[in-house]
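Colleague: For the sequence shown, our numbering assigns the number 78 to the initial residue and increments by one for each residue that follows. I'd like to ask some things about the structure below.
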Amino acid sequence: MSKQQILIVEDEQEIAALIALQLERHGYTPIQAHDGKATFERLTELVPDLILLDLMLPDISGLDICKKLKEDDATKNIPIIIVSALSEESDVVIGLELGASDYVPKPFSTKILLARIRAVLRREAQPESTNNKMSIGEIIMDENRHEVLCKGVPLQLTPTEYGILFFLMSRPGFVRTRDQITQSLHGHSASLVGRTIDVHVNSLRRKLGECADMIETVRGVGYRIVKPHSEEPRG
Ligand code: CA
Numbered sequence: 078m079s080k081q082q083i084l085i086v087e088d089e090q091e092i093a094a095l096i097a098l099q100l101e102r103h104g105y106t107p108i109q110a111h112d113g114k115a116t117f118e119r120l121t122e123l124v125p126d127l128i129l130l131d132l133m134l135p136d137i138s139g140l141d142i143c144k145k146l147k148e149d150d151a152t153k154n155i156p157i158i159i160v161s162a163l164s165e166e167s168d169v170v171i172g173l174e175l176g177a178s179d180y181v182p183k184p185f186s187t188k189i190l191l192a193r194i195r196a197v198l199r200r201e202a203q204p205e206s207t208n209n210k211m212s213i214g215e216i217i218m219d220e221n222r223h224e225v226l227c228k229g230v231p232l233q234l235t236p237t238e239y240g241i242l243f244f245l246m247s248r249p250g251f252v253r254t255r256d257q258i259t260q261s262l263h264g265h266s267a268s269l270v271g272r273t274i275d276v277h278v279n280s281l282r283r284k285l286g287e288c289a290d291m292i293e294t295v296r297g298v299g300y301r302i303v304k305p306h307s308e309e310p311r312g
């Protein structure tokens, strides 16, 4: 199998070089672009398997790059992970809504960045469930029976709670913004009047009991569901 190519869009060259070194060590082929112009030039030469995208760039903003790539048939299927400072949270939300797959905050640990890269590459390549059953950790969701089991015990969820859990579980480990969650609920829930997503998530967590920690709050951005930490992939 040929090495997967990852395009690193990052104007801070030391950070770009550091990421490139780690990617090489882990069997990927890194390509660097230090501004928007170079990014589009690289993309005329090759189609990378994944793009790591910084948002603050000297010429074009990372968000504009994300938007352009997702609008273009030639590039819209390349998964994008936004790698960005916490101060840019609102931009991260926009980026995810424009179609970025995930978000890793700076400063990042290499271990987390690599885990997210592996998850995105795996996720984009494979279907997410079999037999309309999804499971993560001790939570099993059976769409046919409209049933959720946590440690073998069925949970009594409201349609909204069910919808939120379904949406998060359909892409485990990936951040979903509040707007994305709300939009996904059409068809599951008649209205969210007067109650925010946060209220429903908190209620869902209470019902999940020991599994509550699996729904993580990503500060300023949204929520994601993760495996219990002991089950996180290693290496
Ligand atoms: Ca930057």
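Each residue gets a CB set at the ideal place from its N, CA and C atoms; glycine is no exception. These figures come from a predicted structure and were not determined experimentally.
Measuring alpha carbon to alpha carbon, tell me which residue in Leu98, Gln99, Thr116 is nearest Asp88.
Modeller: Nearest C-alpha to Asp88: Thr116.
Colleague: So what's Gln233 in DSSP terms, helix, strand or just coil?
Modeller: Residue state, collapsed to three classes: coil.
Colleague: Given the structure, does Asp88 come close to ligand 1, in the sense that its CB is under 8 Å from one of the ligand's heavy atoms?
Modeller: Flag set: Cβ of Asp88 near ligand 1.
Colleague: Excluding the 5 residues preceding and the 5 following Val197 in the sequence, name in chain order all residues of the same chain whose CB lies nearer than 7 Å to its CB.
Modeller: Hits under 7 Å: Leu127, Pro156, Ile158, Ser178, Asp179.
Colleague: What is the rounded straight-line gap between the Cα of Val295 and the Cα of Lys80?
Modeller: If you take the alpha carbons of Val295 and Lys80, they lie about 31 Å apart.
Colleague: Any idea which residues DSSP pairs Ile158 with across the strands?
Modeller: According to DSSP, Ile158 bridges with Leu129, Asp179.
Colleague: Only counting the same chain, and skipping five residues up and downstream in sequence, which positions put a Cβ closer than 7 Å to that of Glu224?
Modeller: Taken in chain order, the residues that qualify are Pro231.
Colleague: For a quick check, are the C-beta atoms of Gly214 and Pro305 less than 9 Å apart?
Modeller: Yes, the pair counts as a contact, with Cβ atoms nearer than the cut-off.
Colleague: Measure the C-alpha to C-alpha separation of Thr106 and Glu122 and round it to an integer number of angstroms.
Modeller: Approximately 15 Å between the Cα atoms of the pair.
Colleague: Quick one: what does DSSP say Ala151 is sitting in, helix, strand or coil?
Modeller: In this structure, Ala151 counts as coil in the three-state DSSP scheme.
Colleague: Under the rule that 16 or more other beta-carbon atoms within 10 Å means buried, what is Gly240, buried or exposed?
Modeller: Buried, because 16 or more other Cβ atoms sit within 10 Å of the Cβ of Gly240.
Colleague: Can you name the start and end residues of the alpha helix (DSSP H) that Glu101 belongs to?
Modeller: Where Glu101 is concerned, the enclosing alpha helix (DSSP H) stretches over 90-102.
Colleague: Is Gln81 helix, strand or coil by DSSP?
Modeller: Here Gln81 sits in coil by DSSP.
Colleague: What residue from Gln233, Ala97, His111, Asp150 has the CA that sits closest to Arg282's CA?
Modeller: Per the Cα distances, Gln233.
Colleague: Ligand 3 and Asp168: does any heavy atom of the ligand fall closer than 8 Å to the residue's C-beta?
Modeller: Among the ligands modelled here, namely ligand 1, ligand 3 does not occur.
Colleague: What is the DSSP secondary structure of Arg301, reduced to helix, strand or coil?
Modeller: If DSSP states are grouped into helix, strand and coil, Arg301 belongs with the strands.
Colleague: Taking the continuous beta strand (DSSP E) assigned at Leu123, which residues delimit it?
Modeller: Careful: Leu123 lies outside any beta strand (DSSP E) and carries neither H nor E.
Colleague: Taking just the CA atoms, how far does Val298 sit from Asp112?
Modeller: Using only the alpha carbons, I get a separation of about 25 Å.
Colleague: How many Å lie between Val86 and Lys284 at the Cα?
Modeller: For Val86 and Lys284, the distance between alpha carbons rounds to 41 Å.
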